[in-house]
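A short write-up of the structure that comes next.
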Ligand code: AMP
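Residue numbers (this note's numbering): 64 to 569.
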């Protein structure tokens, strides 16, 4: 195999986005000023010790900007996505703010609302990591777990309650909890709460908290509907905005192999054998490809697991735990299932498919090369994926070096008549490239809490079912009908029945 050594990029993803900051944003330090340390932020010695043991060298921009204000008791309105260090930006100072007082039975002192169970669990893990030298008690109130255990935990008194809105409302209705003493509230991933139709529940919950509370509100975007909510929930907040990096960490070396679609699995196996893979995420664009690839890897003797939004919650947890514990070496996954999950310290990320949205590339490969460790990110591109690779290169400002696999016939970019699909934006994240017709069923958002919901307030992401059908040149397959395809026209492709995930959000 011939693997070109790519040039590293010259940017650090923990640096602020180079685009001009809005007025409300505290300017980042100039390149020549010494970098801020955690000790500069006013955190206690016990927190600093825990952070030091995690090898965090410097606060990320959101941490640098938010932590002093949270410690001061100010409300914070943060525009930040996962991967920016957002969770520590509120958990670290919360631990200090809450230290020193005791919780009363059924009256949590602080509340963190998360849209999904996975994120709630992840925040809980953060409290364990960062709070190891503090004696604060946290509890999780999430669906899929025994309500009696959760009630027992509340009865003993908790300092930090981490909850998904649906289960929390259930408990409130059963009289298991009182929020009248909850003086610190975090609303995390507000845009996802909106997408999932949780806002009425959130409004109800916030209405039960005292007015003189401190509120920290985070969202990946600040669309008008989110801004309206923030205005309703926050009082004179400090506004902070950081972007997900559009650059690739200097610690990540990247590579791209152009390969015919039918040879992708073989190409991946070759790469897996040639590289010193310790553990890797392998991203597919579609759920059904996750299943197919996972089965194929297992059949070929690889230690692999699969993760996508159609899988039962318990299976997802077990698989993730096994992967984190090193019992599974490769995890084949979809973007949505992996979104927000903290699976750090990976040696490799593979893109079995070129992501349709260029930002997802940065997000995917940012799972490796973290905390100044070296990482490798390799992408398999079909000949017609040039438009998507061009978009990635233009976003990151860096070409992805091409690699060849000697055992496979070389493939090249398709000729120019493979056009980039028309732009239609993506569910509320306007301005990004649309899903091409061939990706007929992109994954729906992760499964929300199992509870009857008000209809979602924002329309879910449109998908390629709205794209005109077309005939694939090389296979003759008719694609792009999505769920609209008339039965008599089915050739090899069948519309998928409404799956659990879609049904949840319907
Ligand atoms: P988050 O954006 O909260 O999902 O965090 C993304 C990842 O960054 C998690 O794996 C954190 O453990 C890690 N992290 C958070 N803050 C820092 C930091 N200051 N230095 C290095 N890693 C960090």
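By construction, the Cβ of each residue, glycine as well, lies at the ideal position given by its N, Cα and C atoms.
Opening and closing residue of the alpha helix (DSSP H) in which residue i lies
i, result
"residue 413", "Run containing residue 413: none in the alpha helix (DSSP H); it sits in the beta strand (DSSP E), 411 to 414."
"residue 152", "149 to 161"
"residue 270", "262 to 270"
"residue 395", "Segment 393 to 397 is the beta strand (DSSP E) holding residue 395; no alpha helix (DSSP H) there."
"residue 428", "421 to 428"
"residue 334", "327 to 337"
"residue 356", "350 to 362"
"residue 452", "449 to 459"
"residue 256", "253 to 258"
"residue 384", "376 to 387"
Residue-chain proximity (residue i, chain E), Cβ-Cβ < 8 Å
i, result
"residue 424", "The structure shown contains no chain E; it holds only a single protein chain."
Own chain, CB closer than 6 Å to residue i, minus 5 neighbours either side, in chain order
i, result
"residue 241", "169 and 170"
"residue 444", "319, 321, 417 and 452"
"residue 194", "158"
"residue 525", "Residue placement at residue 525 cannot be trusted, given a pLDDT of 30 that sits under 50; the coordinates are not used to answer."
"residue 422", "none"
"residue 571", "Look at the range of the chain in this structure, 64 to 569, and you will see that residue 571 is not part of it."
"residue 323", "474"
"residue 514", "Because the pLDDT of residue 514 is 42, which lies under 50, any placement of that residue in the model is unreliable, and the number read from its coordinates should be weighed accordingly. For residue 514, where only same-chain residues beyond five positions count, the Cβ hits under 6 Å are 229."
Sequence-distant residues of the same chain with beta carbon closer than 8 Å to residue i, five excluded per side
i, result
"residue 389", "342"
"residue 199", "158, 161, 162, 190, 222 and 223"
"residue 363", "332"
"residue 66", "With a pLDDT of only 47 at residue 66, under the threshold of 50, the placement of this residue in the model should not be trusted, and no figure is reported."
"residue 106", "114, 130, 134, 155, 156 and 159"
Where the beta strand (DSSP E) containing residue i begins and where it ends
i, result
"residue 141", "139 to 142"
"residue 205", "No beta strand (DSSP E) contains residue 205, which DSSP labels as neither H nor E."
"residue 134", "Careful: residue 134 lies outside any beta strand (DSSP E), inside the alpha helix (DSSP H) at 124 to 135."
"residue 277", "277 to 282"
"residue 224", "223 to 226"
"residue 318", "315 to 321"
"residue 346", "343 to 347"
"residue 302", "301 to 304"
"residue 442", "438 to 444"
"residue 173", "173 to 176"
"residue 583", "Any answer about residue 583 is impossible in this case: the structure gives the chain only from 64 up to 569."
"residue 191", "Looking at the DSSP string, residue 191 is not in any beta strand (DSSP E); the run it does join, the alpha helix (DSSP H), is 180 to 193."
"residue 289", "Not the beta strand (DSSP E): residue 289 falls in the alpha helix (DSSP H), residues 287 to 296."
"residue 117", "Note, residue 117: premise wrong, no beta strand (DSSP E); not H, not E."
"residue 13", "In this structure the chain extends from 64 to 569, so residue 13 is not present and cannot be described."
Own chain partners of residue i with C-beta closer than 7 Å, once the 5 adjacent residues on each side are dropped
i, result
"residue 230", "204, 205, 206 and 512"
"residue 111", "101 and 102"
"residue 473", "467"
"residue 327", "415 and 443"
"residue 239", "169, 214 and 217"
"residue 109", "196 and 197"
Option in the options with minimal Cα separation from residue i
i, options, result
"residue 455", "442, 467, 292 and 151", "442"
"residue 391", "133, 345, 213 and 211", "345"
"residue 115", "144, 196, 124 and 316", "196"
"residue 393", "297, 314 and 360", "360"
"residue 182", "199, 194, 149 and 214", "149"
"residue 244", "325, 166 and 135", "166"
"residue 300", "237, 373, 201 and 135", "135"
"residue 449", "429, 419, 98 and 469", "419"
"residue 446", "477, 122 and 432", "477"
"residue 211", "234, 226 and 329", "234"
"residue 121", "382, 458, 475 and 98", "98"
"residue 459", "270, 475, 261 and 428", "428"
"residue 286", "377, 370, 192 and 257", "257"
"residue 387", "408, 209 and 288", "408"
"residue 283", "264, 267, 305 and 470", "305"
"residue 271", "254, 255, 253 and 296", "296"
"residue 470", "104, 334 and 255", "334"
"residue 123", "106, 108, 151 and 107", "151"
Are three or more beta carbon pairs between the stretch 140 to 156 and the stretch 279 to 291 nearer than 8 Å?
yes
Quick test of the definition: if touching needs 3 or more C-beta pairs under 8 Å, does the stretch 287 to 298 touch the stretch 412 to 427?
no
Mind the definition here: the stretch 146 to 158 touches the stretch 125 to 132 only if three or more C-beta pairs lie below 8 Å; say whether that holds.
yes
With a threshold of 8 Å, are at least 3 pairs of Cβ atoms found where one atom belongs to the stretch 219 to 236 and the other to the stretch 172 to 183?
yes
Whether or not the stretch 242 to 257 and the stretch 176 to 192 are in contact is what I'm after, with contact meaning three or more pairs of Cβ atoms, one per stretch, closer than 8 Å; do they touch?
yes
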